[in-house]
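Straight run, no breaks: the sequence shown in this note's numbering ends on number 435.
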Amino acid sequence: MIKKPKGKLGILTPGMGAVASTFMAGVIAINKGIAEPIGSLTQMGTIRLGKRTENRRPKIKDFVPITDLKDIVFGGWDIFSDNMYKAALNAAVLEKDLLKKIRPELKAIKPMKAVFDKNYVKKLDGKHVKKGKTKMDLAKQVMQDIKNFKKENGCDRLVMVWCGSTEIYIAPGGKVHSTLKAFEKGLRENHKDIAPSQIYTYAALKMGIPYANGAPNLSCDFPAMVELAHKTKTPIAGKDFKTGQTLMKTILAPGLKARAIGIKGWFSTNILGNRDGEVLDDPESFKTKEVSKLSVLEEILEPELNPTLYKDLYHKVRINYYPPHGDNKEGWDQIDIFGWLGYGMQIKIDFLCRDSILAAPIVLDLALFLDLAKRSKFYGIQEWLSFYLKSPQAKEGLQPQHDIFIQLQKLQNTLRHIQGEELITHLGLDYYY
Ligand SMILES: NC(=O)c1ccc[n+]([C@@H]2O[C@H](COP(=O)([O-])OP(=O)(O)OC[C@H]3O[C@@H](n4cnc5c(N)ncnc54)[C@H](O)[C@@H]3O)[C@@H](O)[C@H]2O)c1
């Protein structure tokens with residue numbers, strides 16, 4: 003049994019745009035009693051314990067000792083110096099009326115100067131940026147920021163969740179990413195394959211601060227970072243918040259597969275008009291996102307095990323920047339399926355979603371669960387948090403688990419394990435014999 007935490011938890015987000023401001027504003031509004039934490043499993047979810055006949059179904063937050071929302075403080079970095087009130091107004095996700103009610107709290111959250119290099123996010127440019135001779139110097143500056151933040155805010159513990167823009171695609175497997183020694187040398191020598199996000203990750207892990215990556219770029223998912231996470235006994239979780247279209251995909255595809263329905267084609271296209279959409283309009287940032295989105299179906303459907311059903315699946319993903327839609331993304335899916343004797347059918351989805359509304363509770367849950375993981379003495383890759391991620395990080399050579407229902411069972415069993423409760427297999431024969 004893990005003890006209830008004492009003191010404040012600081013949640014740091016490199017990147018303080020739409021997702022981060024929606025997350026922070028949400029928690030503040032919830033603490034004021036003017037909104038509900040909808041979409042957050044840690045706050046609204048329940049968990050069954052023991053046998054069905056025992057009727058024990060507490061709320062997750064009453065079962066595991068996670069931090070109370072009232073004990074959270076926020077911080078972060080951005081290339082723009084806007085405070086969180088201004089950032090939330092710019093993002094235009096939440097209504098002005100709501101923002102006005104929490105204006106003083108939001109205004110008080112100001113970004114620290116970012117580690118940024120335009121070469122890694124081609125569509126952005128900002129002035130609120132650190133200077134340093136080497137990438138190692140920059141990492142040290144981030145560590146100093148973290149120390150100052152912790153002291154100034156009287157935090158007992160910290161976690162970091164990357165909410166920054168999607169960086170260009172960097173292929174994993176390079177020498178600089180292979181060992182901690184090579185990576186640290188790369189930091190000192192300004193290696194071009196070390197992107198800003200990796201500098202924040204290094205700083206966090208070096209200080210033993212749990213880290214999750216909400217974007218699809220390479221940041222904690224390579225051997226050098228896993229090595230560092232083990233060395234400093236720090237939990238990590240990557241990558242890319244599972245929202246919108248991919249959330250739908252990982253709900254629907256396991257269902258079709260469960261009934262042995264074949265799939266011939268799955269065409270997914272999005273239109274969105276926020277800053278994220280603009281960044282993804284650059285082919286190099288889109289490539290990062292595409293790789294993250296494409297792997298999902300293949301890994302759920304396992305065509306090699308059932309070629310008749312899935313061998314010829316044509317899967318295509320497109321993202322189109324369309325400013326009039328703002329943060330309200332529209333995701334279309336055309337799914338060509340086939341059933342008994344090969345007869346074809348079609349499913350069409352038109353999901354009018356709100357990207358940051360779906361992402362904000364994920365930031366909260368990841369932060370609270372990573373802090374719980376650290377207090378439970380877990381470290382390295384936290385596969386049980388795959389539930390929240392499009393491209394779940396798994397041990398090298400281990401196939402990641404994409405099916406959202408398996409991910410949920412894994413998450414719930416991990417919570418039962420942490421609290422010394424019996425794991426649930428759903429066998430249930432003992433009810434009958
Ligand atoms: N909203 C979703 O549903 C969703 C889902 C999955 C992933 N994501 C990812 O989450 C990230 C944030 O999304 P968003 O909608 O808030 O985007 P956004 O553009 O509104 O915010 C990103 C912020 O990061 C800042 N930034 C960029 N590089 C930085 C750096 N090196 N250091 C500090 N700040 C930096 C930008 O200035 C910007 O303010 C994106 O990478 C996006 O792809 C979002």
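Cβ atoms here follow ideal geometry from the backbone N, Cα and C, with glycine treated the same way.
My guess is that residue 37 and residue 28 are in contact by the Cβ rule of under 8 Å, so how many angstroms apart are they, rounded?
7 Å
Backbone CA spacing between residue 175 and residue 138 [nearest angstrom]
21 Å
Below 8 Å, can you find three or more Cβ-Cβ pairs linking the region 108-117 to the region 74-85?
yes
Taking the straight line between their C-alpha atoms, what separation do you get for residue 186 and residue 334?
43 Å
Is it buried or exposed for residue 261, if we count other Cβ within 10 angstroms and need 16 for buried?
exposed
Classify residue 164 as buried or exposed, calling it buried when 16 or more other Cβ atoms lie within 10 Å of its own Cβ.
buried
Where does residue 315 sit, in a helix, a strand or coil, going by DSSP?
coil
Report whether the distance from the Cβ of residue 309 to the nearest heavy atom of ligand 1 is below 6 Å.
no
Looking at ligand 1, does it come within less than 6 Å of residue 430, judged from the CB to the closest heavy atom?
no
Measuring CA to CA, which of 284, 338 and 166 is closest to residue 323?
284
With distances taken Cα to Cα, identify the nearest neighbour of residue 18 among 58, 365, 237 and 408.
365
So, with DSSP's three-state summary, where would you put residue 15?
strand
Straight-line Cα distance separating residue 10 from residue 369
13 Å
Could you round the C-beta distance between residue 218 and residue 238 to whole angstroms and report it? I think they count as a contact, below 8 Å.
Contact flag wrong, Cβ pair sits at about 15 Å.
At a cut-off of 6 Å, would you count residue 221 as near ligand 3, judging by its Cβ distance to the nearest heavy atom?
This structure simply doesn't include ligand 3; it includes ligand 1 instead.
Would you mind sorting residue 246 into buried or exposed? The rule is 16 or more other CB atoms within 10 Å of its CB.
buried
Would you mind working out which of 278, 279, 276 and 270 sits nearest residue 298, comparing C-alpha positions?
270
Run the CB neighbour count on residue 277, radius 10 Å, all protein chains shown included, and call it buried at 16 or more, exposed below.
buried
Close-in-space but distant-in-sequence residues of the same chain around residue 279 (CB under 6 Å, 5 per side omitted)
323
Which word fits residue 381, buried or exposed, when buried means at least 16 other C-beta atoms lie within 10 angstroms of its C-beta?
buried
Need the endpoints of the beta strand (DSSP E) that residue 427 sits in, please.
It is not in any beta strand (DSSP E) - residue 427 carries neither H nor E in the DSSP assignment.
Examine the Cβ distances between the region 289-306 and the region 249-257 and report whether three or more of them are shorter than 8 Å.
yes
Where residue 309 falls: helix, strand or coil (DSSP)
helix
Can you give me the C-alpha to C-alpha distance between residue 354 and residue 132, rounded to a whole angstrom?
38 Å
The alpha helix (DSSP H) that contains residue 281, what's its start and end?
277-282
Note down, one range per segment and in chain order, each alpha helix (DSSP H) of at least 4 residues found wholly within the region 164-225.
182-190 and 198-208
Verify whether the separation of the beta carbon atoms of residue 44 and residue 63 is less than 7 Å.
yes
Using DSSP with H/G/I as helix, E/B as strand and the rest coil, what is residue 9?
coil
How far does the beta strand (DSSP E) with residue 418 in it extend, from its first residue to its last?
No beta strand (DSSP E) contains residue 418, which is instead part of the alpha helix (DSSP H) from 406-420.
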